[in-house]
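I have placed the structure first, in the form of structure tokens, so that the comments after it can refer back to it.
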Amino acid sequence: MSRTDYRFTLVKYSGKSSRCTCPNCGRPRRFTRYLDTHTNQQLPEEYGICDRADQCGYRLSPYEKGRFGQSYADQLKEDRPSSSHCQQYRKPTPAPPAIVSPPDVVFKATLGHYEHNSLARLLREHFGWTVADELLSRFQIGTSVHQPGSCVFWYIDEAARVRGGKIMLYDETFHRIKEGLGRPDWMHTVLPAICRRQSKPVPGWLSAYAAPSNEKSPCLFGLPQLVASSGNQPIAIVESEKTAILATPYMPGFLWMATGSLVNLTEARLSPIKSRRIVLWPDASVNGRAYQLWADKAAELRGRGYDITVSNHLEKTLTEQQKAAGYDLADLILNDWPGYPPSWDNTSL
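The numbering used here applies: residue 59 is where the sequence shown begins, and numbers increase by one.
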């Protein structure tokens with residue numbers, strides 16, 4: 059069954075109003091509910107996923123079997139009247155909406171200007187200019203002129219289409235600024251606000267891009283590396299874009315990519331690299347929740363033909379205090395890097 063065949067799907071992000079209060083942890087605007095595509099109505103409020111995967115972890119699918127062996131979908135089928143004398147109506151599959159990308163001029167205008175880019179400065183201090191500038195070029199890192207000091211992580215799909223730009227600002231320790239003017243944001247939310255402040259009309263492409271029907275950043279960060287790589291080079295996947303960049307010089311045997319979030323590890327995002335060998339590096343978390351979430355997903359994907367494993371190195375080596383702080387591979391590289399055993403090059407992690 060393909061993704062589009064499912065009757066129930068998660069509500070697509072269209073702004074803060076499209077996210078609800080989690081019924082488990084009570085945090086507002088962190089819960090994504092399910093939508094019935096036949097009626098265009100949302101399911102009862104208990105069905106959905108909290109995006110605080112490692113702090114809360116609540117998720118309930120309408121296809122999940124309850125203790126009596128029935129799911130919400132099963133109950134709906136039983137409640138629906140049927141007749142053997144009537145031909146079942148099959149809803150025609152709608153044509154996929156056209157993909158809208160930011161114009162090249164918008165993307166290219168951000169490339170460079172690294173003297174005003176906090177991430178570029180940190181990379182140059184850590185690796186030196188030669189290695190740092192190769193990384194900035196490799197991952198096509200942009201510089202935001204609208205949020206001073208911030209970088210732009212461009213999400214570019216397997217067809218070389220720009221699908222989104224995440225804006226991030228980093229402090230002196232390579233950690234992101236989460237509050238105030240430097241908090242994480244997206245180009246498609248920043249640009250309309252700038253137009254309003256300047257009393258300028260929003261460009262047509264931006265209105266089309268921001269439409270709820272247009273998927274934003276539905277791919278892995280770092281996909282353009284596939285073009286220049288050999289077909290048998292394995293791929294390592296982490297959560298953070300910064301971590302993918304930092305890990306590249308330390309473990310060059312892999313192509314490093316990022317999901318951008320713990321909950322973004324989906325088959326749709328991994329489909330362009332299905333033919334590759336894949337190793338997942340989830341962040342550390344209390345009780346190993348992040349590791350288990352990705353381990354479960356890896357097991358599911360192996361059943362669909364993926365050659366995918368999960369590294370447990372962070373789970374085995376980090377202290378409980380480090381796990382509680384959400385330590386990831388980047389923290390290990392920056393603070394406690396001991397080198398890595400040659401066996402890692404075999405990707406059997």
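Note that the Cβ used here is the ideal one computed from N, Cα and C, for glycine as well.
Nearest to L387 by C-alpha distance, out of L320, L372, A167, is L372.
In the three-state reduction of the DSSP assignment, D341 falls in the coil class. Per the coordinates, the alpha-carbon of T168 lies some 40 angstroms from the alpha-carbon of Y105.
Contact between the stretch 288-300 and the stretch 332-351 is established, with three or more Cβ pairs separated by less than 8 angstroms. For P276, the closest of A286, W339, L180, I214 by C-alpha to C-alpha distance is I214. The DSSP-derived three-state label of N272 is coil. In summary, T377 is exposed, with fewer than 16 beta-carbon neighbours lying within 10 Å of its beta-carbon over all protein chains present.
Taking the Cβ atoms as the reference, W339 lies roughly 6 angstroms from A294, within the contact range of under 8 angstroms.
Distances from the alpha-carbon of P160 to those of L313, A305, V260 put V260 closest.
In this structure, the beta-carbon distance from R110 to C78 does not fall below 9 angstroms. In the structure shown, G346 falls within a helical segment according to DSSP collapsed to helix, strand and coil. For F185 against E299, the beta-carbon gap comes to about 16 angstroms, at or over 8 angstroms, which does not count as contact. Judged by beta-carbon spacing, L323 lies within the 9 angstroms limit of K355, meaning their Cβ atoms are closer than that value. In the three-state DSSP reduction, Q379 falls in the helix class (H, G or I). By the criterion of a C-beta distance shorter than 6 angstroms, S271 is surrounded in its chain by P155, once the five residues flanking it on both sides are discounted. DSSP places C83 in the coil class of the three-state scheme, outside both helix and strand. Residue D191 holds the alpha-carbon nearest to the alpha-carbon of T306 among Q350, D191, A217, D132. Its Cα nearest to that of T67, the residue T95 stands out among S76, T95, P81.
Residue burial annotation: G262 is exposed, with fewer than 16 other C-beta atoms found within 10 angstroms of its C-beta. The stretch 211-286 contains, as complete alpha helix (DSSP H) runs of 4+ residues, the segments 245-255, 262-268 (chain order). For D365, the enclosing beta strand (DSSP E) covers residues 365-368. Unbroken alpha helix (DSSP H) runs of no fewer than 4 residues, entirely contained in the stretch 294-340, are found at 299-308, 325-328, following chain order.
Excluding residues up to 5 positions away in sequence, A388, I391 lie with their Cβ nearer than 6 angstroms to the Cβ of L304 in the same chain. With a cutoff of 9 angstroms on beta-carbon distance, R87 and C114 are scored as not near each other. DSSP places F66 within a strand segment (E or B) once states are collapsed to three. Across the set Y172, R196, P120, the C-alpha of P120 shows the shortest separation from the C-alpha of P102. Burial state of E237 is exposed, judged by a 10 Å Cβ sphere holding fewer than 16 other Cβ atoms. For T90, the uninterrupted beta strand (DSSP E) run begins and ends at 89-94, by DSSP.
Contact between W314 and V285 is absent: CB atoms are separated by about 15 angstroms, not below the 8 angstroms threshold. Here DSSP, grouped into helix, strand and coil, assigns L193 to helix. By the neighbour-count criterion, in which a residue is buried when 16 or more other Cβ atoms sit within 10 angstroms of its Cβ, Q198 is buried.
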